[in-house]
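Respectively, the protein sequence lines represent chains A and B.
Each number in my numbering corresponds to the 1-based position in the first sequence with 9 added.
Each number in my numbering corresponds to the 1-based position in the second sequence with 30 added.
Where is the CB? At the ideal position from N, CA and C, for every residue including glycine.
Since the structure is predicted, the reported quantities are computational estimates derived from the model, not experimental observations.
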Amino acid sequence: MTEARAVYPLVLFAGRFGSGKTEVALNYARSLAEGGTAAPGMARDDGSAPVVLIDLDIVTPYFRSREMAEQLAQHGVELVAPSIIGQHLDTPAITPQILGAIEREDRQVVLDVGGDKQGARALGQYSQAIRRRGYVMHFVVNPYRPFTSTVVGLAESISEIEASSRLQVTDLVSNPNLIGETRAGDILQGHAKIETYAQQLGMPIAFVCLERGWADRLDSSPFSQPTLALDRSFVQPWE
Amino acid sequence: MKVLMKGNEAIGEAAIRAGCDAYFGYPITPQTEVLEYMSRRMPKLGRAFVQAESELGAINMVYGAACTGTRVMTTTSSPGYSLMQEAVSYIALSFVPCVIVNIMRGGPGLGNIQPAQGDYFQMTKGGGHGDYHLLVLAPATVQEMVDLIVEAFDLADKYRQPVTVIADGLIGQIMEPVAFPELKAPQRPERPWALTGAKGREKNIITSLYLGAERLEQENIRLQATIRQIEENEVRYTEYMMEGAELVVVAYGTAGRIVQTAVKQAREEGIAVGLFRPISMFPFPYARLKEIASTAQQILVVELSAGQMIEDVRLASCDQLPISFFGKMGGVVPLPDDVLAEIKKLVK
Numbered sequence: 010m011t012e013a014r015a016v017y018p019l020v021l022f023a024g025r026f027g028s029g030k031t032e033v034a035l036n037y038a039r040s041l042a043e044g045g046t047a048a049p050g051m052a053r054d055d056g057s058a059p060v061v062l063i064d065l066d067i068v069t070p071y072f073r074s075r076e077m078a079e080q081l082a083q084h085g086v087e088l089v090a091p092s093i094i095g096q097h098l099d100t101p102a103i104t105p106q107i108l109g110a111i112e113r114e115d116r117q118v119v120l121d122v123g124g125d126k127q128g129a130r131a132l133g134q135y136s137q138a139i140r141r142r143g144y145v146m147h148f149v150v151n152p153y154r155p156f157t158s159t160v161v162g163l164a165e166s167i168s169e170i171e172a173s174s175r176l177q178v179t180d181l182v183s184n185p186n187l188i189g190e191t192r193a194g195d196i197l198q199g200h201a202k203i204e205t206y207a208q209q210l211g212m213p214i215a216f217v218c219l220e221r222g223w224a225d226r227l228d229s230s231p232f233s234q235p236t237l238a239l240d241r242s243f244v245q246p247w248e
Numbered sequence: 031m032k033v034l035m036k037g038n039e040a041i042g043e044a045a046i047r048a049g050c051d052a053y054f055g056y057p058i059t060p061q062t063e064v065l066e067y068m069s070r071r072m073p074k075l076g077r078a079f080v081q082a083e084s085e086l087g088a089i090n091m092v093y094g095a096a097c098t099g100t101r102v103m104t105t106t107s108s109p110g111y112s113l114m115q116e117a118v119s120y121i122a123l124s125f126v127p128c129v130i131v132n133i134m135r136g137g138p139g140l141g142n143i144q145p146a147q148g149d150y151f152q153m154t155k156g157g158g159h160g161d162y163h164l165l166v167l168a169p170a171t172v173q174e175m176v177d178l179i180v181e182a183f184d185l186a187d188k189y190r191q192p193v194t195v196i197a198d199g200l201i202g203q204i205m206e207p208v209a210f211p212e213l214k215a216p217q218r219p220e221r222p223w224a225l226t227g228a229k230g231r232e233k234n235i236i237t238s239l240y241l242g243a244e245r246l247e248q249e250n251i252r253l254q255a256t257i258r259q260i261e262e263n264e265v266r267y268t269e270y271m272m273e274g275a276e277l278v279v280v281a282y283g284t285a286g287r288i289v290q291t292a293v294k295q296a297r298e299e300g301i302a303v304g305l306f307r308p309i310s311m312f313p314f315p316y317a318r319l320k321e322i323a324s325t326a327q328q329i330l331v332v333e334l335s336a337g338q339m340i341e342d343v344r345l346a347s348c349d350q351l352p353i354s355f356f357g358k359m360g361g362v363v364p365l366p367d368d369v370l371a372e373i374k375k376l377v378k
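Shown next, in the form of structure tokens:
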């Protein structure tokens, strides 16, 4: 998978539209910055290097990492986004800073990839640099979303994104939820479904995501994988 | 079983479940996910999906397909809906059913891609040329969007008119858990007027061109009669905490949802306030609002615009009581706290 030995392999979060990639990437970057102990799936447990989050989502019009720049800065995460002006532009420009950030091997770099093969295409141009550095590409799955509710749909989605990004998916990240209407049963059944898929695809599950409320309440023993507690960044105006 | 859907994806799936047999559209943020969803799903079901060369192309394809009795839909966002107006006017006088969704964004002009409700006049007062009104339904949640899209197809068939569904970009983009009805096969109810090939019968002609004044007047009278029926039968609204409300807030769609949160907070603080949320924007719920105006002390209208629906609220209440307005423009979305502050200003 990784062709070169880097101090910190690049951590990529890919997946289908609405799988929760951005929320997972944001929370993952924050937990890395908070000392590294809370970030599961990392080979290295070292929170000393600065954390950078690259927002490479050029396809989603709303709810993008770059809207969280200020909040991330408070948590000690530096954000690199496609375009400085026009946070709400629907045709963002990819800036040279992104390649620069990918190549900074002394930093812990997390990359939030746009959804679907269209979103992953923006990644393709960096595939050489990414392979040179070494990387882990997590594929975020929510089995309650369309197109990844079956193993066939999931396999199709993974190969589309791999072809378009010219990188390989390393493992799955289990993110079973119905947002505000999630019940314990939904999490457990959804995760069980992902475990079955993972087995069929011969792919490991890196970690399980849980909203913080659930992470505190649920006994973590039902999962054989580590968990990442999520604090939702994108809250609707009426909530 | 519930699934987690983006508003725009839910529009697509709801149409499919309702038996939509053909979809024509053109990408424009913040509704493009409808096309993406339909492009994946429709061909797999053996139904038609076409990404047209423009909104003009899309709506004229809708017109053509509707003439053949096909269940058909298009979706767009504000500037795209403006482009469609000529054909929408043709479709109205041609008496053919279709469903049109407008996921509104900030305007006027190219504006931006943020949520807004600035197309109220265009949607409810005609939009294109000539004397017509379309049925306009406005959901406030993704589930309500699903339910109204399914209903819109039946209503379009019932009145042989385009039925429109409006929401702002926020409802198009948010993800919420939804339940869908069972999948219907493409619907082909008895449509003696449809262009299906005239073998063995008199030919049908569907047109909006009538060169004789008397004949065109007849068609107009028929259209007006249809609109009167829609006004009589299709008024929809919902009320929240209206029990003894001295201040009534009127808001629809996303604004309605924000107000609902503010009303709940205000009630907790002992303020006698309620929410009246129109769901059919045309026909506007004049009668019910008139009743409310006779008992309430004042009305506050909240919109993501400079104030458009407020004109219908004034008509309904016959200016019997003070009416205030709170709105945001250009894609700015107020928070429940902003609305709560307005409420407090008015009741003190």
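Beta bridge counterpart(s) of residue i as assigned by DSSP
i      : result
A/S146 : Residue 146 of chain A is actually Met in this sequence, not Ser. A/M146 pairs with A/L21.
B/R135 : B/P145
B/I329 : B/V278, B/I353
B/Q81  : B/G55
A/L1   : The shown model of chain A, from 10 to 248, leaves out residue 1 of chain A, and the question about it has no answer.
A/L120 : A/L21, A/I63
A/A238 : A/L219
B/D198 : B/M134
B/F306 : B/E269, B/V280
A/D125 : In DSSP, A/D125 forms no bridge with anything.
Exposure of residue i, with buried meaning 16 or more beta-carbon neighbours within 10 Å
i      : result
A/Q137 : exposed
A/D121 : buried
A/E248 : exposed
B/F151 : exposed
A/D54  : Summary for A/D54: the model assigns pLDDT 46, below 50, so the residue's position carries little reliability; its value from the coordinates is reported in the next sentence. It is exposed - the Cβ of A/D54 has fewer than 16 other Cβ atoms within 10 Å.
B/D149 : buried
B/L200 : buried
A/R14  : With a pLDDT of 44 at A/R14, under the threshold of 50, the predicted position of this residue should be treated as unreliable, though the coordinate-derived value follows. By the neighbour-count rule (16 or more Cβ atoms within 10 Å), A/R14 is not buried but exposed.
B/I251 : exposed
B/N263 : exposed
A/M10  : Note on A/M10: pLDDT 43, under 50, position unreliable in the model; no value is reported.
B/R77  : buried
Residue i versus the options, residue with shortest Cα-Cα distance
i      : options                        : result
A/M146 : A/C218, A/L163, A/I170         : A/I170
B/K358 : B/V80, B/Q147, B/V303          : B/Q147
A/F26  : A/R73, A/V60, A/P18, A/Y17     : A/R73
B/Y267 : B/R71, B/K74, B/E174, B/E39    : B/E174
B/N38  : A/P155, A/I196, A/A224, A/G109 : A/P155
B/V343 : B/P315, B/P364, B/P366, B/D368 : B/P315
B/T237 : B/A224, B/K229, B/Y189, B/K378 : B/A224
B/E85  : B/E341, B/K36, B/L65           : B/L65
A/Y37  : A/V86, A/R75, A/S28            : A/V86
B/M339 : B/F355, B/C348, B/Q350, B/A326 : B/F355
B/G304 : B/R287, B/F312, B/R70          : B/R287
Proximity test, Cβ basis, 9 Å: residue i and chain B
i      : result
A/A47  : The predicted model places A/A47 with a pLDDT of 48, which falls under 50 and marks its position as unreliable; any figure quoted below should be read in that light. It does not: the Cβ of A/A47 has no partner Cβ on chain B nearer than 9 Å.
A/N36  : no
A/Y71  : yes
A/Y153 : yes
A/S74  : no
A/T11  : In this predicted model, A/T11 has a pLDDT of only 43, less than 50, meaning its place in the structure is not dependable; the value taken from the coordinates is given anyway. No, because no Cβ of chain B sits closer than 9 Å to the Cβ of A/T11.
A/E220 : no
A/G189 : yes
A/F156 : yes
A/D115 : no
A/G27  : yes
A/D66  : no
A/D180 : no
A/D121 : no
Closer than 9 Å to chain A by CB, residue i
i      : result
B/T143 : First, the amino acid is wrong: residue 143 of chain B is Ile here, not Thr. Yes, B/I143 lies at the interface with chain A (some Cβ there is under 9 Å from its Cβ).
B/G160 : no
B/Q290 : yes
B/L330 : no
B/V33  : yes
B/E43  : yes
B/E63  : yes
B/L365 : yes
B/K36  : yes
The region 71–100 of chain B: positions lying closer than 8 Å to chain A by Cβ = Answer set for the region 71–100 of chain B: empty.
Members of the region 227–247 of chain A that neighbour chain B once the beta carbon cut-off is set at 7 Å = Residues Q245, P246, W247.
What residues in the region 182–212 of chain B bring their beta carbon closer than 8 Å to a beta carbon of chain A?
-> Listed by position, the residues of the region 182–212 of chain B near chain A (Cβ gap below 8 Å) are G199, L200, Q203, I204, M205, E206, P207.
Near-chain A residues of the region 263–292 of chain B - C-beta to any C-beta below 8 Å = Here the close residues are T284, R287, I288, Q290, T291.
Residues in the region 345–363 of chain B having any Cβ partner in chain A nearer than 7 Å | The residues in question are V363.
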